[in-house]
Structures are given as structure tokens and as C-alpha cells.
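Below: one structure, written as C-alpha cells.
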Amino acid sequence: MAGADGDDSLYPIAVLIDELRNEDVQLRLNSIKKLSTIALALGVERTRTELLPFLTDTIYDEDEVLLALAEQLGNFTMLVGGPEYVHCLLPPLESLATVEETVVRDKAVESLRKISQEHSPVDLEVHFEPLVKRLASGDWFTSRTSACGLFSVCYPRVSSTVKAEIRQHFRTLCSDDTPMVRRAAASKLGEFAKVLEPEYVKSDIISLFTALASDEQDSVRLLAVEACVSIATLLPQEDLETLVMPTLRQAAEDKSWRVRYMVADKFSELQKAVGSEITKNDLVPAFQNLLKDCEAEVRAAAANKVKEFCENLPEDNREQIIMTHILPCVKELVSDTNQHVKSALASVIMGLSTILGKDNTIEHLLPLFLAQLKDECPEVRLNIISNLDCVNEVIGIRQLSQSLLPAIVELAEDAKWRVRLAIIEYMPLLAGQLGVEFFDEKLNTLCMAWLIDHVYAIREAATCNLMKLVEKFGAEWAQNTIVPKVLGMANDPNYLHRMTTLFCINALSEACGQEITTKQMLPVVLKMSNDQVANVRFNVAKSLQKIGPVLDSNALQTEVKPVLEKLATDSDMDVKYFAQEAISVLALA
Amino acid sequence: MRPGGGSSDVQWCFSQVKGAMDDDVAEADIISTVEFNQSGELLATGDKGGRVVIFQQEPESKNQPLRRGEYNVYSTFQSHEPEFDYLKSLEIEEKINKIRWLPQKNAAHFLLSTNDKTIKLWKISERDKRPEGYNLKEEDGRYKDPNTITALRVPVLTPMDLMVEASPRRVFANAHTYHINSISINSDCETYLSADDLRINLWHQEITDRSFNIVDIKPANMEDLTEVITAAEFHPNQCNTFVYSSSKGTIRMCDMRASALCDKHTKLFEEPEDPNNRSFFSEIISSISDVKFSNNGRYMMTRDYLSIKIWDLCMETRPVETYQVHEYLRSKLCSLYENDCIFDKFECCWNGNDSVVMTGSYNNFFRMFDRGYQQDVTYEASRENSRPRSILKPRKISTGGKRKKDEISVDSLDFSKKIIHTAWHPLDNIIAVATTNNLYIFQDKLN
Numbered sequence: 001m002a003g004a005d006g007d008d009s010l011y012p013i014a015v016l017i018d019e020l021r022n023e024d025v026q027l028r029l030n031s032i033k034k035l036s037t038i039a040l041a042l043g044v045e046r047t048r049t050e051l052l053p054f055l056t057d058t059i060y061d062e063d064e065v066l067l068a069l070a071e072q073l074g075n076f077t078m079l080v081g082g083p084e085y086v087h088c089l090l091p092p093l094e095s096l097a098t099v100e101e102t103v104v105r106d107k108a109v110e111s112l113r114k115i116s117q118e119h120s121p122v123d124l125e126v127h128f129e130p131l132v133k134r135l136a137s138g139d140w141f142t143s144r145t146s147a148c149g150l151f152s153v154c155y156p157r158v159s160s161t162v163k164a165e166i167r168q169h170f171r172t173l174c175s176d177d178t179p180m181v182r183r184a185a186a187s188k189l190g191e192f193a194k195v196l197e198p199e200y201v202k203s204d205i206i207s208l209f210t211a212l213a214s215d216e217q218d219s220v221r222l223l224a225v226e227a228c229v230s231i232a233t234l235l236p237q238e239d240l241e242t243l244v245m246p247t248l249r250q251a252a253e254d255k256s257w258r259v260r261y262m263v264a265d266k267f268s269e270l271q272k273a274v275g276s277e278i279t280k281n282d283l284v285p286a287f288q289n290l291l292k293d294c295e296a297e298v299r300a301a302a303a304n305k306v307k308e309f310c311e312n313l314p315e316d317n318r319e320q321i322i323m324t325h326i327l328p329c330v331k332e333l334v335s336d337t338n339q340h341v342k343s344a345l346a347s348v349i350m351g352l353s354t355i356l357g358k359d360n361t362i363e364h365l366l367p368l369f370l371a372q373l374k375d376e377c378p379e380v381r382l383n384i385i386s387n388l389d390c391v392n393e394v395i396g397i398r399q400l401s402q403s404l405l406p407a408i409v410e411l412a413e414d415a416k417w418r419v420r421l422a423i424i425e426y427m428p429l430l431a432g433q434l435g436v437e438f439f440d441e442k443l444n445t446l447c448m449a450w451l452i453d454h455v456y457a458i459r460e461a462a463t464c465n466l467m468k469l470v471e472k473f474g475a476e477w478a479q480n481t482i483v484p485k486v487l488g489m490a491n492d493p494n495y496l497h498r499m500t501t502l503f504c505i506n507a508l509s510e511a512c513g514q515e516i517t518t519k520q521m522l523p524v525v526l527k528m529s530n531d532q533v534a535n536v537r538f539n540v541a542k543s544l545q546k547i548g549p550v551l552d553s554n555a556l557q558t559e560v561k562p563v564l565e566k567l568a569t570d571s572d573m574d575v576k577y578f579a580q581e582a583i584s585v586l587a588l589a
Numbered sequence: 001m002r003p004g005g006g007s008s009d010v011q012w013c014f015s016q017v018k019g020a021m022d023d024d025v026a027e028a029d030i031i032s033t034v035e036f037n038q039s040g041e042l043l044a045t046g047d048k049g050g051r052v053v054i055f056q057q058e059p060e061s062k063n064q065p066l067r068r069g070e071y072n073v074y075s076t077f078q079s080h081e082p083e084f085d086y087l088k089s090l091e092i093e094e095k096i097n098k099i100r101w102l103p104q105k106n107a108a109h110f111l112l113s114t115n116d117k118t119i120k121l122w123k124i125s126e127r128d129k130r131p132e133g134y135n136l137k138e139e140d141g142r143y144k145d146p147n148t149i150t151a152l153r154v155p156v157l158t159p160m161d162l163m164v165e166a167s168p169r170r171v172f173a174n175a176h177t178y179h180i181n182s183i184s185i186n187s188d189c190e191t192y193l194s195a196d197d198l199r200i201n202l203w204h205q206e207i208t209d210r211s212f213n214i215v216d217i218k219p220a221n222m223e224d225l226t227e228v229i230t231a232a233e234f235h236p237n238q239c240n241t242f243v244y245s246s247s248k249g250t251i252r253m254c255d256m257r258a259s260a261l262c263d264k265h266t267k268l269f270e271e272p273e274d275p276n277n278r279s280f281f282s283e284i285i286s287s288i289s290d291v292k293f294s295n296n297g298r299y300m301m302t303r304d305y306l307s308i309k310i311w312d313l314c315m316e317t318r319p320v321e322t323y324q325v326h327e328y329l330r331s332k333l334c335s336l337y338e339n340d341c342i343f344d345k346f347e348c349c350w351n352g353n354d355s356v357v358m359t360g361s362y363n364n365f366f367r368m369f370d371r372g373y374q375q376d377v378t379y380e381a382s383r384e385n386s387r388p389r390s391i392l393k394p395r396k397i398s399t400g401g402k403r404k405k406d407e408i409s410v411d412s413l414d415f416s417k418k419i420i421h422t423a424w425h426p427l428d429n430i431i432a433v434a435t436t437n438n439l440y441i442f443q444d445k446l447n
């Protein structure tokens, strides 16, 4: 606390306080982040009477400062004197809840929600609830949108008269003039419904929900779809048909694709919320329509949900529903005109095989997989390949291998390096599924070819891929198939390829073990220390440092040490540097 | 305001003129856009120098009950700077092409301003308090000896003279290959569109790093290019509807509900060409330079070189009203082509209750058309007439051989003086008319 003459401990705090208004945003931000330190030094009384009033009026600041301030104030209860005084935090948060930046307002609302829990029931009615009302009836939509997020936290803890007022305020905001407020209300509708007594859910919420779901602005209507999920879970099954389903059906056929997109996007949640009976009668046809929607964005969203939707169908007639209703739509999507739709489908379609079982998969799904493996769009093929494990469990990968191979080869040679990179990343997975024999026979050449790709990212990924393959197939396999080829590149006329040998050795030494490293790799590395390209030489030093721990001490002392010492006197300064670094790391000095 | 008040029963009088009065016009001072905000309390202009000037209407004073509040400078700021695109070796002018006010969301005001490539969101806010009291220095800035600090001091806010600040809030860049000609804010209050010669993009007001391309008329081969987008605007209350006009004189209306990419229009407004008027210049003069929805959202107005057309949104085949702005120029198209005037992009505006429309012409003339009374009038924005509250006299142009008194001959019109940008107060009979570098404000005479 302040007091004593020239108190040293005051100085840092004094700096922090002065920097609250520094010209440099970074310093202000820094001070705001240490607001608790300032408050602690000032004590609870001065924090309440001086610091908070000052902060209440500093809403002119940059967004990032205000954001930090809004966050800090959510954790300030103890610093103003505990729950008894928590209401002192309301004025600054109230002014932050009206600024134009959504992120700041949202953070202020989050902090208000947090400190609402620290209010006693009396304080909540005396201080907090009036604030909510002020915000709800504010002139500008910014304050009214903020109010929407506060109803649900104070509702459960206030008297029934105040509850009635809160419900009234919420109703008013749901029919606000500005779409911003209606959107805020619509997005909080589900949350508010959860804290309401069941009778009010039916009497109040349903009518608001219906109104918002038929708002003139589609940006409001689509938020009602989300609320639909929460509301449906709150109502007894027998009421769903009359109270929720008409609105949901309407949303699924909305004129605006954005609303239909939202229905497609929330389909799994909706399906769980309305239960199996309604799913069978209503959602299946709705889902079929979404899969056939005229807007590609909607089809893609629905295609993404195919697996989840099928999984969650009631088990008793799941197979029949999929086979007669869903699969025909899926078949059409395989040859959709839009590649996003196809690739969304490709990312989930393999999951259907576990649901449908072996026979159906072979008869109905396999032709689709094969068609997608031949799709013109690489992303579709990649998505199929990345999900092979699902099929492997059901029918084994052999069924696919004949088509798989050309697809992989084509991707491996795609002109876009990002596509090549993506397929490399699936190689270890494929190797595991296909087995070592098939791999050696068909894919090994590809893996080696990537090592001399002209894009560095591909060579790097190829190196990493080799390491993963060795981990999978073991050191012996490495010694027979990979190591000779890798070491052979040490004599390549292109220095980039010679460096690839070193990078491969770096990656493989550990997986291959001491014997292979010492006997086969080390001699090659040592020999490369005489390379005429300096980049190769300093990479030799780096490689030696890397594989050193795998070698025995004899090899280190008799073979590695002399070479590193020679490199340490190299004419190139980088070579010298890395040689010296290796010497010190390997403790050879 | 007197509802229904149009040109027939309004006597317009001079109120103010802004800008330098000397004849020597600096290029940077040329006004390039004029726009009232939603309440009419603020009026923004942009110029070729990249500056935005905002005027605020003073509250009505009790001493002069017959005068409405004047507009005085509220804030001036440099919105855009000249830039150079090194990749394309292109200079990017700082000229402000358009300004659009956002609906007010709190005590501050927000506007979007754009040059050819970059749209910026500006916040204009007031500050009347400043913090006072430091721990480590005196108010005059001298540092204190840290050892003398015996107590902590929290700054307090003290009143100060009102300060208006304009701060850039967001920059929406890198989305346009061609020159931006329009920006328009959606009634959903969260998105806006920006249009260039070949594409229209949709932005979220809070997201600067991506926009969605909703219209793209760029042909695969640029040699097949036959038309460009000249203007685009959102419907005032249907958030899913927007229109864009083309250099071929057509207007396409799109429904964003139908699909994500609006390359298929829902309506095409086009008037069949009159074969009698066909000439070498037909295509150039049919190019639409501006399109504006009426405030009630039922009509839209388009301006082409010689006329204003009002379209009922329910009728695509022909406009419901056509007003000739300066038909007497039809015989002069050849010389207007030679001095490039034929490519001038005149804008147009509605009054608050959609009963009158206004647009500019040459010789610092501007025209008003009263839709109900089917009357039209020509006024001149000129310094000769700039006595406060002096009544504007209608101007007449003689087209025949014999010139009557008070008439101006077509041959004596000054084509270097043109009124391209005009704006009408959303609620009152107050108009802002931009001549080259001056902004004239006129209002109806209060009796």
C-alpha cells in the first residue's frame, strides 16, 4: 500500500498506471493485462472509487486494448472487495458492451455472464437486472444485441415478477427493427429456452421461434435452425410434431439456399433432437431433397453428413432406408458436376461400408469407390484413399487394389506438388493396409522417385515417409530395399540429390539401428566430406552430429572425429561452424 | 418537411457554398462523390486528392427561425493515398470513387470509402474528455524524481474541447482486379457489395481477409468482352436482392437466395432500342452511369447519357417513366465524343419520399423531375447567385433558332462545367450539388 516516503515498490506500479494512457498501443495493452497488479496495489477501495470510473470512460481505445480490458474485468471480483462489491464492475462492462466491435462486446458479455454468478440474488435484482434492461432498451443496436446474451444467466435467479419482465424484454428484442438484434436474439433463443419453465417454452418460445424462422431476412431465419435443435430437445416427443416440425419442414425447403445449407449442416443434431420416428417419416425425405438440392453448397453440406445420418438411423430398418432412399441419391452425387460436392462425399462415403456390411459394400458401394478413384478431381481421389481403412475392415483392400494402384500412380505424378505431397502423407497408411509384398512390388519405386522430385517440400516429405515405412516394415526390409538405393544417390552428379542421401540417413539411422548405420551409412557420409560443394560438406557435419548417438564410441573416435576435425578447418565458414558444433555436441573435443 | 413536396411547390434557395472560390482549380480538390448519412445530419464528400470532408448540420437556431441549420466542417481526413502496384506496374489513384454511410450503431458514425482498389471502413467519433494526472511526470511533461513518489495516482478524466477523430477501422483490399465503381451496404447490416468493371464481391463488414465473388462476367477470352458492369446496388430492404447495370444499357436483378453464385439473373430490365434514334453513338449513350433504388424499394432509377429512366421492379420490359435530361445534346454527340464528354458518368438521386428525382448536366446545370406533376426544372449552381436565401431561378435552354430573353443557347453551354454528383437529404428538402471543386447546398424556402 502507498504511504512511506519514496517507496521503491510503488515505482513499477506508477509506471503501469502511467502507461494506461501511453501513446504506444503495445504499452497500454501491457498495462491493461497487468490491471490486477495495479488494482492490488491500489487496494479494493481505490480500485472501486478511482480505477473503475477511469476505466469506464476509456472506451475510446483500440479494440485490442478494450478486448483485454473486457476480459480482465471478468476476473476482478476479488480485487474490488469480493462478491459484496462485484456490482462495481458493471459500469465499465456496460460501456464495453455497447462498443461497435463485435469481439469486444462479446467479451464484455462473457465477463458479465461470469460475474453474474457472483452476484447475490438481491444484488442481481438491484444491480444486474436493471443493467440488462438498460441494454435491452438502449438506443443503439449494439447495446440491444449485448442484452440478448444476458437474459439466460439472470433469469433462473430472480423473482417471478422480474422473470415476467425479462421474458417481455426478450420478446421485444425478437421483433426488433434491426436484423442485427433479431439475429442476436435468434442465436440465444435455444439457450434462453433451456432456462425457462416448461410452460413458457410452449407459450413463449414456440411463437418467437416460429416468427424468427419466418423472418424476412434469411440471415435471421438460418439462426432459427440452430435454435430448433435446442428447442426440440426440451419438448416432449408428442409436441414436436405440432410445434417444431412445421417450422423445420419449412426451413428445409426455404427459398434461400443459406437456410437450407444451415439445415444440412445441422442435420445430425436435428436428427438426434427429433428422435427416430420423426427421422423416419420426415427427415429421410428432407435429407434426400438436400442431397438433390439445386445449390452446390447445400449438396456439399448434406453430402458431408451422409455417414453420420446413416449411422444415427434407427437400427431396425436402417439398412432398408439406406438402400432404398439414401443410396440412390449418393450414386447421383458421385457424378455431381461440382467438385466440392464430390469431394465432400468422398470424405465420408467409405464410412458407409461398416454400416452396410460386406455384401452390400461389394455389390453397391465398391463401384462407387472405384468411380471416385478415377475422378478427374485429385481431391476426390485423395479423400477416398485417405479413408481406405474403413473399407479394409469390411471387405479387405484387395478388392480395390486393382483400381487403387493407377489412382495412386496418377496422384504421385500430378503436376501440382501439393497433390503429390498429400498422397505421400498417406503412403505409410497405405503400406500398412496393403502389406509389404504389394508395396515392394508396386509402390516402392514411387517412394524412391519422390526423393529426386524437383520440389524440396516433396523430397523432404519423401524422406520422412521412408522413416515411417521403416518403422512399419523393420530394419531388415530397409537394408534390403531402401538403403542401397538411398546410398546410391551419394554419387549423383546433382548435389541436391547427394544432399537427399544425407537427409535420408538423418531420418533413417535411428529406425535402422546401430549395425546398419555403422556398416553401411557411415562410410558413405564420411566419403561425402570430400564433396566439392560446401552445402554438402556442412550437411555431412550436421548428419554426423545427428547419427552420432546411434554409433558406438569406437567408431566415433576413430572415424567420425578425424573427419569432423578436418571439416573444422574447412575454407568455408558454414562448414567450419557446423563441424565445430558437431564436435562439441558429440563431445569429441 | 412538407410531404409530397416536389419541385412544383418548392422554391429552392441558395444556402451555402463550400470550397475555394478562385478559378484556378487544383486537380486534388475536384469533388468525386457526395453522400448524406441516414439522418441527413452529416454530409460527406470525397475528392480526387483522396480526402474525405464531413459536414455537420448545426442545430436550428432560435434567432433565425427561417433558416435551417447550416452545414459546417465536422471532420476532414485523408482516406486514401496514391499507391503503386509493383507487380502490375500500375499506379493506383487516391481518388475517392464512392462513400457509403453505415446505419448508425452507437454514438460514433461509420462510413465506407473506396478508391479504385481498396475499400476502407472509417469511424468518426467525438471525444470531450481527456485523462489527467501522471505519476512519473508533471502535467507539462517534465519527469519527476522517482524517489519523490509517495502515493499512487489514478488519472481522472476532465472535460475538454470537443475533438472529432476519424480512425481507420478496417481495410478491405486485394479483391478487385479492375476499378471499383460501386459499393452498397446490405439491409442485413452485416454485409456489403463492391463492384468493379467485371465482378461483384460480397463482403462481411467485419471480415477483411476474404470476400465472395457473386457475379463474374469476365469472358474466358478478353477479346470476347462486350459489356462491363457500371454500377451495382442492394435493394433498400430485401436483403437478398441486388441489381447491377451494364454498359449496354441493361440492368440485371439477382436473388442471392437462389444460389451462391449469382451469374444467372432473375430479372433483366431492358428497353428495346428505338430504331429511329439509332446512330453511331447509340451504344455509348445507352450505357448506364448510375442505378439507384427508390427509398420505398418499389422502383429503381437509371441514368444514361441523355435520360433518366424509372423502372417498376415488377416490369422488366420498359421503364414506367422516362425523363430527358438534356435532349438538346443529341445533335451535338459528335463533338461531345471528340471532347470525351460523352463518357461522363452522371449520377442521380431520389428525394426522401421518392416524388422527385435529380441529376446533373453541363454548364453547372442540374435538373429535377417531379414524378407526380410530370414537371421538370433546370437550375444552375453558380456563384453569381450565392447571396444567402436568394431564390434559384429556373433556367431555360433555347434549342430553336430564335433565342428568347433569359434563355441560353445550346452553343454557349460550357461543357467543362459539369455536375456529376448530387445528393438529397433523406428527410428534408436540402440538396447538395457538387460542381467541379465547389459544393453547393440549396434548401427550400421556409415561409
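Taken in sequence, the protein lines are chains A and B. When we follow the UniProt record's numbering, the leftmost residue of the first sequence carries the number 1, and every step to the right adds one. When we follow the UniProt record's numbering, the leftmost residue of the second sequence carries the number 1, and every step to the right adds one. We put the CB at the ideal spot given by N, CA and C, even for glycine.
1) Just to confirm, are isoleucine 99 (chain B) and leucine 111 (chain B) a CB contact at a threshold of 8 Å?
2) State buried or exposed for cysteine 349 (chain B), treating a residue as buried only when at least 16 other CB atoms are found within 10 Å of its CB.
3) Quick one: grab the DSSP three-state call for serine 571 (chain A).
4) How about glycine 249 (chain B) and aspartate 304 (chain B): are their beta carbons less than 8 Å apart?
5) Rounded to whole angstroms, what is the Cα-Cα separation between lysine 472 (chain A) and tyrosine 426 (chain A)?
6) Does the Cβ-Cβ distance between serine 143 (chain A) and alanine 97 (chain A) come in under 8 Å?
7) If distances are taken between C-alpha atoms only, which option among B:Gln78, B:Phe343, B:Asp414 and B:Ile408 comes closest to asparagine 364 (chain B)?
8) Of all the CB atoms in chain B, is at least one closer than 8 Å to the CB of alanine 41 (chain A)?
9) Could you check whether valine 325 (chain B) and serine 361 (chain B) sit closer than 8 Å to each other, using their CB atoms as the reference points?
10) Leaving out five residues on either side along the sequence, give the residues of the same chain with a beta carbon under 6 Å from the beta carbon of leucine 43 (chain B).
11) Mapping the DSSP letters down to three states, classify cysteine 349 (chain B) as helix, strand or coil.
12) Quick one: which residues of the region 94-112 of chain B get their C-beta closer than 8 Å to a C-beta of chain A? List them in chain order.
13) Of all the options A:Asp106, A:Val162, A:Asp176 and A:Glu101, which has the alpha carbon lying nearest to the alpha carbon of glycine 138 (chain A)?
14) Could you pull the start and end residues of the beta strand (DSSP E) that cysteine 13 (chain B) belongs to?
15) Do you know offhand how far lysine 129 (chain B)'s Cα is from glutamate 101 (chain A)'s?
16) Counting contacts by CB-CB distance shorter than 8 Å, is isoleucine 185 (chain B) in contact with chain A?
17) Please identify, using Cβ separations under 7 Å, the residues of the region 128-142 of chain B that lie next to chain A, in order along the chain.
18) Does any residue of chain B bring its CB to less than 8 Å from the CB of isoleucine 13 (chain A)?
19) For the region 180-207 of chain A, list every residue whose C-beta sits within 9 Å of some C-beta in chain B, in sequence order.
20) Along chain B, which residues have their Cβ under 7 Å away from the Cβ of arginine 144 (chain A)?
21) Relative to the C-alpha of lysine 188 (chain A), which candidate in A:Thr145, A:Val158 and A:Tyr200 has its C-alpha closest?
22) What is the DSSP secondary structure of alanine 166 (chain B), reduced to helix, strand or coil?
23) May I ask you to report which of helix, strand or coil DSSP gives cysteine 341 (chain B)?
24) When the cut-off is 8 Å and only beta carbons count, does lysine 358 (chain A) lie next to chain B?
25) Which chain E residues sit within Cβ distance under 7 Å of threonine 247 (chain A)?
26) By how many angstroms is the C-alpha of glutamate 50 (chain A) removed from the C-alpha of proline 236 (chain B)?
27) For isoleucine 207 (chain B) and serine 194 (chain B), which I take to be in contact (beta-carbon distance under 8 Å), what is that distance rounded to the nearest angstrom?
28) Between proline 159 (chain B) and chain A, is there a C-beta pair that is closer than 8 Å?
29) Could you tell me whether any Cβ in chain B is nearer than 8 Å to the Cβ of isoleucine 32 (chain A)?
30) Give the residues from the UniProt repeat "HEAT" (521-559) of chain A that approach chain B closer than 8 Å (Cβ to any Cβ), ordered along the chain.
31) Who are the neighbours of phenylalanine 54 (chain A) on chain B, taking C-beta pairs under 8 Å?
32) Is cysteine 148 (chain A) helix, strand or coil when you go by DSSP?
33) For alanine 68 (chain A), collect the residues of the same chain with a Cβ closer than 8 Å to its Cβ; drop the 5 residues on either side in sequence, then sort them by chain order.
34) My output table needs one value for tryptophan 140 (chain A): the three-state DSSP class, helix, strand or coil.
Based on what the coordinates show:
1) Yes, the pair counts as a contact, with Cβ atoms nearer than the cut-off.
2) Counting other Cβ atoms within 10 Å of its Cβ, cysteine 349 (chain B) reaches 16 or more and is therefore classed as buried.
3) The answer is coil: DSSP assigns serine 571 (chain A) none of H, G, I, E or B.
4) yes
5) 13 Å
6) Cβ atoms of serine 143 (chain A) and alanine 97 (chain A): closer than 8 Å.
7) B:Asp414
8) yes
9) yes
10) Once the five neighbours on either side are set aside, the close Cβ partners of leucine 43 (chain B) are Phe36, Phe55, Tyr71 and Ala432.
11) strand
12) Pro103, Gln104, Lys105, Asn106, Ala107, Ala108 and Phe110
13) A:Asp176
14) 12-18
15) Across the structure, lysine 129 (chain B) and glutamate 101 (chain A) are spaced so that their CA atoms are roughly 21 Å apart.
16) no
17) Lys129, Pro131, Tyr134, Asn135 and Leu136
18) yes
19) Met180 and Arg183
20) The premise fails here: arginine 144 (chain A) is roughly 10 Å from chain B at the closest Cβ pair, so nothing lies under 7 Å.
21) A:Thr145
22) strand
23) DSSP places cysteine 341 (chain B) in helix when its eight states are reduced to three.
24) no
25) This model lacks chain E altogether; the protein chains it does include are A and B.
26) 47 Å
27) Contact between isoleucine 207 (chain B) and serine 194 (chain B) is absent: CB atoms are separated by about 13 Å, not below the 8 Å threshold.
28) no
29) no
30) none
31) Pro131, Val154, Pro155, Val156 and Leu157
32) helix
33) Leu29, Ile32 and Lys33
34) Coil, per DSSP.
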